[in-house]
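Heads up, the thing below is written out as structure tokens.
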Amino acid sequence: MIEFYHVYKQYVKSQFALSDVSFSIEKGEFLFLTGASGAGKTTLLKLIFKEELPGKGQILIDSENTNLIPQKKLFKLRRKLGIVFQDFKLLNNRTIYENIAVPLLVRGIRRPTIDSSVNDALALVGLTHRKHYIPAHVSGGEQQRVAIARAIVANPKILLADEPTGNLDTELSIEIFKLFERINANGITVLIATHDDHLMQLFPRRVLKLDKGKLISH
Amino acid sequence: MIEFYHVYKQYVKSQFALSDVSFSIEKGEFLFLTGASGAGKTTLLKLIFKEELPGKGQILIDSENTNLIPQKKLFKLRRKLGIVFQDFKLLNNRTIYENIAVPLLVRGIRRPTIDSSVNDALALVGLTHRKHYIPAHVSGGEQQRVAIARAIVANPKILLADEPTGNLDTELSIEIFKLFERINANGITVLIATHDDHLMQLFPRRVLKLDKGKLISH
Amino acid sequence: MNLIKSTFTNAFKNIFRNKLINFLSFGIIAFTLLIFGIFNYLTYSLDVFIGDFSRNIEAIFYLKDDARQPEIENLITELEENLLVKKVTFKSKNQAEIDFSRRFPELEYALSEFKDSPSPFPASLEVTFRQENNIDIKISTLIKEVEKLSIIEGKEVNLDWAKQVTNIKKFISVVGFFLSLILIFISSFIIFNVIKLNIFFRKDEINIFRLVGAQDWYIRFPFIIEGALLGFVGSVVAGILLFAALKLFPAYAAFMFNIVKGMIDFEDIPFNIFIRLILLGTGIGLVSSFLSLRQHLKPSND
Amino acid sequence: MNLIKSTFTNAFKNIFRNKLINFLSFGIIAFTLLIFGIFNYLTYSLDVFIGDFSRNIEAIFYLKDDARQPEIENLITELEENLLVKKVTFKSKNQAEIDFSRRFPELEYALSEFKDSPSPFPASLEVTFRQENNIDIKISTLIKEVEKLSIIEGKEVNLDWAKQVTNIKKFISVVGFFLSLILIFISSFIIFNVIKLNIFFRKDEINIFRLVGAQDWYIRFPFIIEGALLGFVGSVVAGILLFAALKLFPAYAAFMFNIVKGMIDFEDIPFNIFIRLILLGTGIGLVSSFLSLRQHLKPSND
Ligand SMILES: Nc1ncnc2c1ncn2[C@@H]1O[C@H](COP(=O)(O)OP(=O)(O)OP(=O)(O)O)[C@@H](O)[C@H]1O
Ligand SMILES: Nc1ncnc2c1ncn2[C@@H]1O[C@H](COP(=O)(O)OP(=O)(O)OP(=O)(O)O)[C@@H](O)[C@H]1O
Ligand SMILES: [Mg+2]
Ligand SMILES: [Mg+2]
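Following this line, the structure appears as structure tokens:
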């Protein structure tokens, strides 16, 4: 489902954010991506959804080489993915309900369908009572859960989550991880970047570990 | 140093973000503020630096009732504080160096003094090599460390940190907490909002615990 | 189908989401188009005013005192049959005197001297020519021919003056064109930059839309609609303001200085100007938002 | 001291940090002020033009043919000594005829009739009055007195026309004032909103500055500087453009239609206009950014 072949990424000269990264993830896998701050986790995820381009190497998503996807077709790749961003990337001038509805809106889905999907997602992350708030008016953890809800609302093939529980207490984090497990049980590939060793121990899965841009275990 | 007397806070009708919160923190204390997502931690901190006003109750900072501070004198209160915000609040059109220098600039400190203070702070959080980057070009954990550096750079009397290690790996988190301990050793009061039970166990201190806006232990 | 509806909804919502900047840009556009409209109207009315003057090229042929009636009538018929001529009027010696004192009332004293003697003015033929495009040379030739006739004592022609007037007219329309061009350019520049600012303002939003799978046109469309709408509403408001200004101003002026009322008679505001304003505004909005998008809404990664 | 320096540095850096919006607003301000300058100049030159006309109020007294020389000379001396009178010119019968044929060359034919007889025109006294403020009534009285004298046959006065011209002049300056007022208002509105937009744009930044202990004036100052600077630079550019337009346009026009060169002689652009533009621009910038700040930079919590 996700294959990296000798991928290098350099933002600035003489410094590799990723260097010679190769791995492959099967369809339906559930795995973690870990590493110290600045190791390259976010960069690796960005390469998957083509927000950044690799300096060298090939990346295959669903057997498609991302290097060869023209700008015009990029939305097709993105629609296969559900992404929880490390900085949430919520729209501040829209309510939480509207934020979660955006991926469905851009797919041209009808209002009633959108409504039921969004309400389901809200219930899953426990935010039904915050539906009509704007992101600025809810707590950090609540914002993070909005980001999670938006990532899963459109039934993606692959779920990418970057530090999805950084602002959540242990109890809620476990619940969110359980949610990811349920989603994974439906055949969706799940890749979670996290620092939380404790959580990774509770959910023992395959771990990709980065160290200064190098993949040291996979 | 920080005293709350029957403090209530309501953002919307019939929902209390904080209700009847009373506690007092001595000068030179190091303590944690914890509670589930949405419990009111950030709200409590915002009341301390008067970004929000309490609905009822009195808050005394350094023996001064914040309710009675006029808008024109507010900067005096803020200059006693160093704050790590949950969402970092970095200036995106300035470099990391400039971001950390802002609290010194607004105090009218001279350039050479600013320069040495900022460089010291950068070294403490391990970001000297990212000095000239803008926040958007560094990793989530690095941004968090910039926020920490900015909070400590102006030698505040009180350090407030809202989830300061949410984006950091365990190793770095411990290091940051050790930094907070060293700062505390200089007589600075330190109040840290965190979810991380593991870290709180490693640094056993007094804990203020919130549950749905109520202080259930202190 | 639903996607298109949602796109439109999105476009309109966006306009209200960014009230401030849109209000500002809308105001600026209305202002620019109003200035444009005023210049346009001024050019137009000067055109009309000058048109009135230049419509008639006239020649006056003074007849010798001894010219006989049949000879004169012959000439009149001949001239009337000429395709270049619009009208021929015979003015007798007496009529000439009356006209003269009417035209120069200040010279009453001078004329009173001759009250009893026969009119000192010669009889004349006033010939008005049809003025179509560039037949001036033919008219000149005709005038020269008539002049050579034995019954003609002299002539007086305003052809040179007519040429001058035509030139002024040409000059003013060039100035108007020039000014319009500058104003259109400025309007476009403003809308272009407003859209750019808007894109800049919503950079994060656009990026998020892209990241969750929006197609390019889904992102672009609202901006185009917005540009066109800004231009349209701006021009409608400019039109209304122009109308109000042209209607109210003379009334105000007449009230304040009733002597000059006739001078600023804006009675006939051509409907044309409104249509031109609206087409122009909408067009400018469309084109400049389109250009701004092409330049500033480039995908982040390439 | 250091705080003030840092504030200034910050103010200037801010201007460059928000290049786009400042470039746009600066362009708009320059444009508005340019239009303002053009209108101002047009009013000014119309004023000068009309001033030339209205400077001289004249009266012509026609003398009876039997008026004797000493009587005439008496009257001339008397008039010359009157404080209201600027100049008195005697025109003989012959001079009158020559002047007439010069003034109305079309009437050559009419006059040729009298070539041999004595001039039919009366001799006259042309009196030019000093025109200061509102001495029209006194002049009227004087004219009536002179008219009653036995040697005077009639009179001709352009006093009414002079009044009319004065009225037109007044009217035009009111129009100019009106237009200037509107344009100043629009400029202020634009700067006001640009600053508002700027505040809105930097809301987060301002908030962060407040949170780390900045005083109110430290936040406000850059905006004020920015507003004033925008107004100043905008007006300087507008001035330069105005100068260029007034200098280049006639040259261009003269090149294209050399007949009308005299018509658009912009030789003397008063330096006054530039100073007024700059003072106005800077003033508008200062005041409107000040107002905008007062209205939109309210502390978040109260
Ligand atoms: N501006 C606001 N308007 C309305 N409700 C708000 C606002 N800010 C916070 N709240 C609500 O108040 C409650 C407490 O929020 P707060 O941010 O203090 O929680 P927290 O303990 O910091 O949570 P987290 O750990 O998720 O950051 C939440 O339920 C939140 O939705
Ligand atoms: N746009 C950029 N320009 C320059 N350097 C960058 C850019 N983005 C990231 N980097 C650098 O690349 C390295 C890897 O960044 P990345 O965001 O992938 O780290 P990460 O593993 O996600 O860290 P964290 O856990 O702190 O989020 C970091 O050192 C960062 O400073
Ligand atoms: Mg990261
Ligand atoms: Mg919080």
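Protein chains in written order, with our numbering: chain A, 49 to 266; chain B, 49 to 266; chain C, 9 to 310; chain D, 9 to 310.
For every residue, glycine included, the Cβ atom is placed at its ideal position computed from N, Cα and C.
Residue i burial status per 10 Å Cβ neighbour count (16 or more: buried)
i                : result
Thr97 (chain C)  : exposed
Arg10 (chain A)  : For residue 10 (chain A) there is no data in the structure shown, the boundaries of chain A being 49 and 266.
Asn266 (chain C) : Residue placement at Asn266 (chain C) is poorly supported in this model, since its pLDDT is 49, which falls under 50; the coordinates are not used for a value here.
Phe16 (chain D)  : exposed
Leu216 (chain B) : buried
Ser195 (chain D) : buried
Pro118 (chain B) : exposed
Val60 (chain A)  : exposed
Ser62 (chain A)  : exposed
Lys269 (chain D) : For Lys269 (chain D), the predicted model reports a pLDDT of 47, less than 50, meaning its position is unreliable and no value from the coordinates is stated.
Lys94 (chain A)  : buried
Thr176 (chain A) : exposed
Leu287 (chain C) : exposed
Ser148 (chain C) : exposed
Asn141 (chain D) : Its pLDDT being 47, under 50, Asn141 (chain D) is placed unreliably in this model, and the value from its coordinates should be taken loosely. Exposed is the call here.
Residue i CB to nearest heavy atom of ligand 5 below 7 angstroms
i                : result
Glu223 (chain A) : Ligands displayed in this structure: ligand 1, ligand 2, ligand 3 and ligand 4; ligand 5 is not among them.
Interface flag, residue i vs chain A, CB-CB below 8 angstroms
i                : result
Leu220 (chain B) : yes
Ala84 (chain B)  : yes
Asn215 (chain B) : yes
Gly188 (chain B) : yes
Leu11 (chain C)  : yes
Ala222 (chain C) : yes
Asp245 (chain B) : yes
Within-8 angstroms CB hit, residue i to chain C
i                : result
Gly105 (chain A) : no
Ser62 (chain D)  : Confidence at Ser62 (chain D) is low in this model, with a pLDDT of 48, below 50, so its placement is unreliable and no value can be given for it.
is_contact[residue i, chain B] using C-beta, thresh 8 angstroms
i                : result
Val62 (chain A)  : Sequence check: residue 62 (chain A) is Ser here, not Val. Cβ-Cβ to chain B under 8 angstroms: no for Ser62 (chain A).
Tyr59 (chain A)  : yes
Asn309 (chain D) : Confidence in Asn309 (chain D) is poor, its pLDDT being 41 and thus under 50, which makes the residue's placement too unreliable to answer from.
Glu99 (chain A)  : no
Ile214 (chain D) : no
Gln134 (chain A) : yes
Glu211 (chain A) : yes
Beta-carbon separation (whole angstroms), residue i vs residue j, contact threshold 8 angstroms
i                : j                : result
Val69 (chain B)  : Phe52 (chain B)  : 5 angstroms
Leu41 (chain D)  : Ser243 (chain D) : 5 angstroms
Phe136 (chain B) : Gln58 (chain B)  : Actually they do not touch by this definition, with Cβ atoms about 27 angstroms apart.
Leu122 (chain A) : Lys98 (chain A)  : 6 angstroms
Ala131 (chain D) : Leu92 (chain D)  : So it is not a contact: roughly 23 angstroms between Cβ atoms.
Ile144 (chain B) : Val194 (chain B) : 5 angstroms
Glu134 (chain C) : Lys99 (chain C)  : 6 angstroms
Min CB distance residue i to chain D below 8 angstroms
i                : result
Phe197 (chain C) : yes
Pro151 (chain B) : yes
Ile131 (chain B) : yes
Gly88 (chain B)  : no
Val154 (chain B) : yes
- Any 3 or more C-beta pairs closer than 8 angstroms across the stretch 240–249 of chain A and the stretch 180–193 of chain A: no
- Item | Uninterrupted alpha helix (DSSP H) stretches inside the stretch 169–254 of chain A (no shorter than 4 residues) | 188–200, 218–233 and 245–250
- Message: Using a Cβ distance threshold of 8 angstroms, determine whether the stretch 138–154 of chain B contacts the stretch 214–223 of chain D, with at least three qualifying pairs required.
- Response: yes
- Complete runs of the alpha helix (DSSP H) confined to the stretch 73–150 of chain A [at least 4 residues]: 89–96 and 122–128
- Message: Taking contact to mean 3 or more Cβ pairs, one atom from each stretch, closer than 8 angstroms, check whether the stretch 205–217 of chain B and the stretch 160–177 of chain B are in contact.
- Response: no
- Mind the definition here: the stretch 176–185 of chain A touches the stretch 132–145 of chain A only if three or more C-beta pairs lie below 8 angstroms; say whether that holds. yes
- Query: Does the stretch 154–164 of chain C touch the stretch 295–307 of chain C, meaning 3 or more C-beta pairs lie closer than 8 angstroms?
  - Reply: no
- Item | the stretch 97–107 of chain B contacting the stretch 250–266 of chain B, beta-carbon criterion three pairs below 8 angstroms | no
- Message: With three or more beta-carbon pairs closer than 8 angstroms as the criterion, would you say the stretch 286–297 of chain D touches the stretch 226–237 of chain D?
- Response: yes
- Message: Within 8 angstroms, do at least three Cβ pairs link the stretch 59–77 of chain B to the stretch 232–239 of chain B?
- Response: yes
- Item | Stretch-stretch touch, CB-based, cutoff 8 angstroms, three pairs: the stretch 196–209 of chain A with the stretch 220–230 of chain B | Flag = no, the stretch 196–209 of chain A and the stretch 220–230 of chain B do not touch.
- Query: Enumerated in chain order, which unbroken segments of the beta strand (DSSP E) with a length of 3 residues or greater are wholly contained in the stretch 70–104 of chain D?
  - Reply: 93–99
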